[in-house]
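With my numbering as the guide, the letters of the sequence shown map in order to residues 6 to 186. Using N, Cα and C, we set each Cβ at its ideal position, and we do this for glycine too. All values derive from a computational prediction rather than experimental measurement.
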Amino acid sequence: MQLSVFIQENKAAVVEKWFDHLLSSFPPETQKIWKKNKDRFTNPVCHIFHASLEGMVDGLVSWQDAEALARPLSDLLKVRAVQDVAPSKSLSFIFGFKKVLREMFGVQADAGELGVFDTRVDNLVLMAFDLYTKNREQVFCMRIDEFKHAHHMAFRKAGIICESPRQALGLEDRNVNAQGK
């Protein structure tokens, strides 16, 4: 029997073990709460994690559509990107899939089949790195925009910024707006 079939037949258990591996990167009290409550409305982060792992298991088994695999991965990584955690820790859960496969199917699985999934997981990590970096960049851009917006008025009043290029060149009085009023 193929490893893909084993995974599909035991998908719920595979997802749950992988979810446990992901949760291990969080504090124990968070793990307890998230383990009990996976409701979409009362615990949306946990729901995103669980649903994303389900989608990634499907994608790793079928291995036909990179876009279909990237969607759930991206959803999970958007959450990880806003958390104050090192990138290596944010992405380490992906390698947990290899461990789950060996724990659950190591005896029954052929070494060649495990190797195929190892390669898929390695490729998933590369995809994750790109997505995580993109998401992290968006977070930093949003923080910069928020800072600019919050401090714009204070900077303008202090004369640190100019409202128009003419004002920056000194061609216009700072107390007069662009319409000459």
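Cβ-Cβ separation, residue j to residue i (assumed contact under 8 Å), whole Å
i	j	result
S30	K94	6 Å
A86	N140	4 Å
Own chain partners of residue i with C-beta closer than 6 Å, once the 5 adjacent residues on each side are dropped
i	result
S9	V66
L58	V20, W23 and F24
F11	F110
F192	Past the boundaries of the shown model lies residue 192; the chain is included only from 6 to 186, so the question cannot be answered.
Spatial neighbours of residue i in its chain, beta-carbon cut-off 7 Å, leaving aside the 5 residues before and after
i	result
E21	none
K186	Below a pLDDT of 50, predicted positions are generally treated as unreliable, and K186, at 48, falls in that range; no measurement from the model is reported.
H41	The identity of residue 41 in the sequence shown is Lys, whereas the question assumes His. Taken in chain order, the list of residues that qualify is empty.
Residue j beta carbon less than 8 Å from that of residue i
i	j	result
L119	L106	yes
L78	A116	no
K37	H55	no
Cβ shell of residue i (< 8 Å), same chain only, five flanking positions each side left out
i	result
V126	L65, I99, F100, F102 and K103
M6	Confidence in M6 is poor, its pLDDT being 49 and thus under 50, which makes the residue's placement unreliable; the coordinate value appears in the next sentence. So the qualifying residues of the chain are Q113.
Q13	V66
F160	I166
Identity of the residue in the options nearest residue i by Cα
i	options	result
V84	E151, Y137 and D123	Y137
H52	F152, K153 and L28	L28
F122	P92, M61 and A56	M61
T35	F46, V50 and R45	V50
L131	L74, Q143 and K162	L74
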